[in-house]
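Encoded as structure tokens, the structure appears first; notes follow it.
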Amino acid sequence: MPPLNTQKQQQELFDEFVVVKKTRGRFFGVLNKFNKPIFPQHRLNMSLSYETLIIILIGAVLVASIIFSLGVERGRSLNSSDVELPAPIQPVVVAPAPAEPITPIVAEAPKPAPKAAEAPKNTAAADKPYTIQVASYRTRDLAGREIPKIKAMGYSADIMKKGDYFILCAGSFATEDAAKQAIAAIKKKYKDCIIRKR
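Numbering (the numbering used here), first residue to last: 13 to 210.
Set out below in structure tokens:
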């Protein structure tokens with residue numbers, strides 16, 4: 013009988029003789045560090061397996077997401093209770109304007125006027141060529157409604173037709189400087205008025 017090698021058989025029983033195969037590779041060498049004891053100086057042999065480490069990381073992510081979502085819900089409840097909502101907007105009801113009776117305008121035959129009366133009117137317009145354009149309207153009626161307001165301010169009021177619009181003008185001025193002085197008072201009521209020639 014061949015002699016038995018008792019030395020090889022007994023080495024299995026002792027840790028000193030057990031040969032650990034080292035795995036080579038880029039990642040496996042790094043991952044083997046997790047199998048070493050965490051506190052070797054205290055001889056506390058606590059090692060983490062890969063599965064345990066992955067479960068701990070998944071649990072940490074779940075706990076963080078739950079805390080975050082609870083914080084968001086808490087913030088929403090604080091935000092909605094602190095803010096005062098504005099009162100609901102009430103619709104504006106516009107009362108219809110009273111209907112004005114329409115009076116038909118009867119065209120009369122033009123009467124020849126004396127030519128002497130027309131001459132002073134043209135000379136007055138020629139003497140004072142500047143006026144202040146207050147507004148322009150699509151209809152003569154709308155422009156006519158503003159005439160009493162302009163006369164109440166102390167200026168004469170005229171309506172001129174320009175294209176499809178009726179231009180409401182205030183005052184007659186000999187110079188542009190005189191019109192500039194008057195426009196300051198008119199701009200308090202009519203913001204977009206301008207100086208123009210007749």
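Every residue, glycine too, gets a C-beta built ideally from N, C-alpha and C. From a predicted model like this one, the values you see are computed outputs, not experimental measurements.
Asked: Tell me the DSSP bridge mates of Thr143?; Found: Arg208
Asked: Name the DSSP bridge partner or partners of Lys201?; Found: DSSP, once it has assigned bridges, lists no residue as partnering Lys201.
Asked: Consult DSSP for Leu60 and reduce its assignment to one of helix, strand or coil.; Found: coil
Asked: For Gly156, report the span of its alpha helix (DSSP H) as first-last.; Found: 152-164
Asked: When burial is assigned at 16 or more other CB atoms within 10 Å of the CB, is Val75 buried or exposed?; Found: exposed
Asked: Can you tell me the Cα-Cα spacing of Ile199 and Glu188, whole angstroms?; Found: Checking the sequence shown, residue 199 turns out to be Lys, not Ile. In a straight line, the C-alpha of Lys199 is about 16 Å away from that of Glu188.
Asked: Going by other Cβ atoms of all chains shown within 10 Å of its Cβ, with 16 needed for buried, is Val146 buried or exposed?; Found: buried
Asked: Relative to the C-alpha of Thr143, which candidate in Asp176, Arg157, Ile171 has its C-alpha closest?; Found: Ile171
Asked: Gly156 and Ser168 - do their beta-carbons sit closer together than 7 Å?; Found: no
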